[in-house]
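Enquirer: Residue numbers (the working numbering), protein chains in the order written: chain A, 1 to 436; chain B, 1 to 143.
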Amino acid sequence: MSGAYWQPEIETMAPAALRELQAARLRETIARAMQSPFYGECYGRLGLAPESIRTVDDVRRLPFTTKEDLRGHYPYGFLTVPPQETVRLHCSSGTTGNPTVIFHDRHDLDSWANLVARSMYCAGVRDSDVFQNICGYGLFTGGLGFQYGAEKLGALTIPAGAGNSRRQIKLMQDFGTSAIHAIPSYLPRLFDEFQALGLHPAEDTKLRIILTGAEPHSEETRQRLQEMFRCKVFNSFGLSEMNGPGVAFECDCRNGLHLWEDCFILEIVDPETLEPMPDGERGELVLTTLDRRAMPILRYRTRDLTSILPGPCPCGRTHRRIDRITGRSDDMFIVKGCNVFPIQVEKILMKIPEIGSDWLIVLDTVGDNDELLLKVEISPAHFTGDMEALERVRRRIIHEVRDEVLVSPHVQLLEPGALPKSEGKAQRVQDLRKKS
Amino acid sequence: MAHQVSVFMENKPGRLERITEILSGGGVNIRAMTLATSSGGWGVLNLLVDRPQQAKDALTAGGFAAALREIVVVQMPDAPGSLGRIVGLLAKSGLNIENAYGTVLREGQGAILVIDVDRTAEAGTLLRTSGVTTLEDDAVYRL
């Protein structure tokens, strides 16, 4: 493989032909979904016939599917086949109530692996690369999802798993790792370990591509990671309900993520009215699987907020691009009457070199008032011993956050490494407020 | 030019102890120190040590944010008015003192004053030409 595309005929398909393909696959998906207890009952009640679907826009006639639906029909309510015909399941942590579980048959796994391979190829990974997957295996889809995709692509794949930075670096050096995948909150810790060993990834490894995702992060974070590692960092999007990684991925332009429309129907809706949003306007991403057999899901409300980037991409791919996820409709918090997304705070912090890459928002009740406390670590590389400079940084954060979210934060400067580190996704908001 | 080591420190129990542990573990001897605290629960600890580079490296390896800062070190008679004369000279030239701390040497040898000032080189020249004894870096570290 040496061309620009993994599947040129699909990735550059004319938009009209792509819509035709989607409509045909939507009809097949509805017919198949009706074999599951959940959709059989739901669509049967509505008298919905697959052949009545003419264009892809007819998807709007279908009701939405929510996470609560998945949980409420745990574990087998969405299966179109007997469980013994499936070969893998992944499920969410399910800290409250039933987890959401997704089953795959052989076809589903193969289709998913192909989407991940296509995504990695789109970011420039080739079969000559050595790919190290630095994330949790097991139920988390980032592990096996990237493993199968990278193997399908033909890259030598190291299933390194999460954590143990020193071993990660040894593997990278010993086997000539040229591409890695890790969540954005882990990457600065990996870099710190390089520094502690007196090494730099750009000089002491062959690393040239970093794939990241699974946590919403800002463009400023990407810039910071690119400067840190001195290589290209690509954003990806996926969720376990839609397989996991490989739903949408950045190409070399790194301006929006191509959402693979041969396998998903992309809609952006107003989270309140559920009406479609025009291109370029932010709303909730709604997805329909078009190539999943064991457990199709239609019009799934992802809770992720993004917009469709209008216009074609210079890379030549015709699958439309979504903007980076700016938050989830359920990670927004309200403090002093203002709606705040953690990513609004992140993009301010990541522009300030004196501040490290870890941070935490603590919401607390002080007296009768809710307070927003922002805990940030200072960066050892930019510390000069100048107290006045640190005081200016603190005031800058207060002003910029207040201008952005309209709430004046308290800012606490911490020593490097003072914030608790998690193995999985970073926790960015701690709500200690008294519930009235 | 002599250097002090400046360390960012959260104002909570055990941090100063941790810093001194790291330094003694690295064979670094502390000559003088001062802690400047902010109202925000953090501060900067300034240390005059015998081996500043080793001290900075050990603290960085121990997870602290540490930096070397240029300083002017002057020797002055242990007598009334000495300090006033020095800060007066700097003030007249518009040189702003960020921080200063002193320590008394062995009996009869006078005292030294560590000055963290903007435009260190200029401050050193000014003091020397005004007849104040400044110490070279190796003399400072051998104190």
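We put the CB at the ideal spot given by N, CA and C, even for glycine.
Hey, S185/A and K425/A: beta-carbon distance below 8 angstroms or not?
Expert: Your numbering for residue 185/A matches position 185 in the first sequence. Your numbering for residue 425/A matches position 425 in the first sequence. Yes, they are a contact pair.
Enquirer: Leaving aside the five residues before and after A23/A along the sequence, list all residues of the same chain whose C-beta is less than 6 angstroms from its C-beta, in chain order.
Expert: As a first step, residue 23/A is located in the first sequence; it is residue number 23 there, counting from the start. Cβ neighbours of A23/A beyond the five flanking positions: T55 and V56.
Enquirer: So what does DSSP say about F146/A, is it helix, strand or coil?
Expert: If you number the first sequence from 1, residue 146/A lands on position 146. Here F146/A sits in helix by DSSP.
Enquirer: Quick test of the definition: if touching needs 3 or more C-beta pairs under 8 angstroms, does the region 6 to 19 of chain B touch the region 40 to 52 of chain B?
Expert: Yes, they touch.
Enquirer: Answer with yes or no whether the minimum CB distance from R69/B to chain A is below 8 angstroms.
Expert: Along the second sequence, one-based indexing puts residue 69/B at 69. Yes, contact with chain A.
Enquirer: On the three-pair Cβ rule with 8 angstroms, is the region 290 to 307 of chain A touching the region 254 to 272 of chain A?
Expert: Contact holds: three or more Cβ-Cβ distances are below 8 angstroms.
Enquirer: Of the residues T318/A, V247/A and C315/A, which one's Cα is nearest the Cα of V286/A?
Expert: Residue 286/A sits at position 286 when you count from the first residue of the first sequence. It is V247/A.
Enquirer: Where does M1/B land, buried or exposed, given buried means 16+ other C-beta within 10 angstroms?
Expert: For the purposes of this step, residue 1/B is taken as residue 1 along the second sequence, with counting starting at 1. Exposed, because fewer than 16 other Cβ atoms sit within 10 Å of the Cβ of M1/B.
Enquirer: What ranges does the alpha helix (DSSP H) occupy inside the region 68 to 108 of chain B, keeping only unbroken runs of at least 4 residues that lie completely in it?
Expert: With a minimum length of 4 residues, the continuous alpha helix (DSSP H) runs that stay inside the region 68 to 108 of chain B are 82 to 92.
Enquirer: Taking only runs of the beta strand (DSSP E) that begin and end inside the region 65 to 146 of chain A, which ones reach a length of at least 3 residues, in chain order?
Expert: Segments of the beta strand (DSSP E) lying fully in the region 65 to 146 of chain A: 88 to 91, 101 to 104 and 130 to 133.
Enquirer: At a CB distance below 8 angstroms, what residues from the region 408 to 422 of chain A approach chain D? Give them in sequence order.
Expert: Given the protein chain composition of this structure (A and B), no chain D is represented.
Enquirer: Taking Cβ-Cβ distances shorter than 7 angstroms, what residues in chain B pair up with R394/A?
Expert: Mapped onto the first sequence, residue 394/A falls at position 394. What R394/A touches in chain B: G40.
Enquirer: Please report the straight-line C-alpha distance between K206/A and Y101/B, rounded to a whole angstrom.
Expert: Position 206 of the first sequence, counted from the first residue, corresponds to residue 206/A. Position 101 of the second sequence, counted from the first residue, corresponds to residue 101/B. Each residue's Cα considered, the two are about 49 angstroms apart.
Enquirer: Examine chain A for any beta-carbon lying closer than 8 angstroms to the beta-carbon of S6/B, and answer yes or no.
Expert: Here the question's residue 6/B lines up with position 6 in the second sequence. At least one chain A Cβ lies under 8 angstroms of S6/B.
Enquirer: Scan the region 329 to 358 of chain A for residues whose Cβ lies nearer than 8 angstroms to a Cβ of chain B and list them as they occur along the chain.
Expert: Answer set for the region 329 to 358 of chain A: empty.
Enquirer: Is T65/A buried or exposed, if buried means 16 or more other CB atoms sit within 10 Å of its CB?
Expert: As a first step, residue 65/A is located in the first sequence; it is residue number 65 there, counting from the start. Buried.
Enquirer: Would you mind stating whether A162/A and I209/A have Cβ atoms separated by less than 8 angstroms?
Expert: For this step, residue 162/A is matched to residue 162 along the first sequence. For this step, residue 209/A is matched to residue 209 along the first sequence. Their beta carbons are not under 8 angstroms apart, which means A162/A does not touch I209/A by this criterion.
Enquirer: If you draw a straight line from the alpha carbon of A32/B to that of V72/B, how long is it in whole angstroms?
Expert: In the second sequence, counting from the first residue as 1, residue 32/B sits at position 32. In the second sequence, counting from the first residue as 1, residue 72/B sits at position 72. Going by the C-alpha atoms only, they are around 14 angstroms apart.
Enquirer: Out of E250/A, N255/A, P216/A and K232/A, state which residue places its alpha-carbon closest to the alpha-carbon of L239/A.
Expert: The sequence position of residue 239/A within the first sequence is 239, counting from 1. When each option's Cα is compared against that of L239/A, the closest is P216/A.
Enquirer: Using C-beta distances below 7 angstroms, list every residue in its chain close to K336/A, excluding the 5 sequence neighbours before and after it, in chain order.
Expert: The residue given as residue 336/A occupies position 336 in the first sequence. So the list reads D370 and V407, once near-sequence residues are dropped.
Enquirer: Is G72/A near the ligand HEM, in the sense that its beta carbon is under 7 angstroms from a heavy atom of that ligand?
Expert: Questions concerning the ligand HEM fall outside what the structure shown contains, since it holds no ligand whatsoever.
Enquirer: Under a Cβ-count criterion, where at least 16 other Cβ atoms within 10 Å of its own Cβ denotes burial, should N243/A be classed as buried or exposed?
Expert: Indexing the first sequence from 1 puts residue 243/A at position 243. Buried, since its Cβ has 16 or more Cβ neighbours within 10 Å.
Enquirer: Whose CA, out of H104/A, R25/A and D386/A, lies closest to the CA of E98/B?
Expert: For this step, residue 98/B is matched to residue 98 along the second sequence. Per the Cα distances, D386/A.
Enquirer: For a contact defined as C-beta to C-beta under 9 angstroms, what are the partners of M1/B on chain A?
Expert: Translated into positions along the second sequence, residue 1/B becomes position 1. Under the 9 angstroms cutoff, chain A gives no residues; its nearest Cβ is about 15 angstroms from M1/B.
Enquirer: Under 8 angstroms: do the region 213 to 233 of chain A and the region 97 to 111 of chain A share three or more Cβ pairs, one atom per stretch?
Expert: Not touching, per the Cβ criterion.
Enquirer: Please list, in chain order, the chain A residues whose beta carbon lies closer than 8 angstroms to that of M9/B.
Expert: Here residue 9/B refers to the residue found at position 9 of the second sequence. Neighbours of M9/B on chain A, chain order: E415.
Enquirer: Do F78/A and E38/A have their beta-carbon atoms positioned less than 8 angstroms apart in this structure?
Expert: Counting from one through the first sequence, the residue named residue 38/A turns up at place 38. Counting from one through the first sequence, the residue named residue 78/A turns up at place 78. It is worth fixing the name first, because residue 38/A is Phe in this sequence and not Glu. Yes. Within cutoff.
Enquirer: On the three-state DSSP scale, how would you describe L187/A?
Expert: Residue mapping note: residue 187/A aligns to position 187 of the first sequence, counting from 1. It is helical.
Enquirer: How is Q427/A classed by DSSP in three states: helix, strand or coil?
Expert: Residue 427/A sits at position 427 when you count from the first residue of the first sequence. Correct three-state label for Q427/A: coil.
Enquirer: Taking the CB atoms as reference points, tell me whether R299/A and L62/A lie closer together than 8 angstroms.
Expert: Walking along the first sequence from the start, residue 299/A turns up at place 299. Walking along the first sequence from the start, residue 62/A turns up at place 62. Yes, they are a contact pair.
Enquirer: Using a Cβ-Cβ distance under 8 angstroms, would M1/A count as near chain B?
Expert: Here residue 1/A refers to the residue found at position 1 when the first sequence is read from its first residue. Any reading at M1/A must be qualified, since the residue scores a pLDDT of 44, below 50, and its modelled position is unreliable; the value itself is stated next. False, the Cβ-Cβ gap to chain B never drops below 8 angstroms.
Enquirer: Strictly below 8 angstroms CB to CB, what residues from chain B border M228/A?
Expert: Locating residue 228/A in the first sequence gives position 228, counting from the first residue. Near M228/A there are no residues of chain B at all, since even the closest Cβ is about 17 angstroms away, more than 8 angstroms.
Enquirer: First and last residue of the alpha helix (DSSP H) that includes F237/A?
Expert: Translated into the one-based positions of the first sequence, residue 237/A becomes position 237. Run containing F237/A: none in the alpha helix (DSSP H); it sits in the beta strand (DSSP E), K232 to L239.
Enquirer: Give the residues from the region 359 to 380 of chain A that approach chain B closer than 8 angstroms (Cβ to any Cβ), ordered along the chain.
Expert: Here the close residues are I378, S379 and P380.
Enquirer: Give me the Cα-Cα distance between T134/B and L127/B, rounded to the nearest whole angstrom.
Expert: In the second sequence, the residue the question calls residue 134/B occupies position 134. In the second sequence, the residue the question calls residue 127/B occupies position 127. Answer to the nearest angstrom: the Cα atoms are 7 angstroms apart.
Enquirer: Leaving out five residues on either side along the sequence, give the residues of the same chain with a beta carbon under 8 angstroms from the beta carbon of V74/B.
Expert: Position 74 of the second sequence, counting from 1, holds the residue named residue 74/B. Closer than 8 angstroms at Cβ, skipping near neighbours: I86, I112, L113, I115, L127, V132, T133, T134 and L135.
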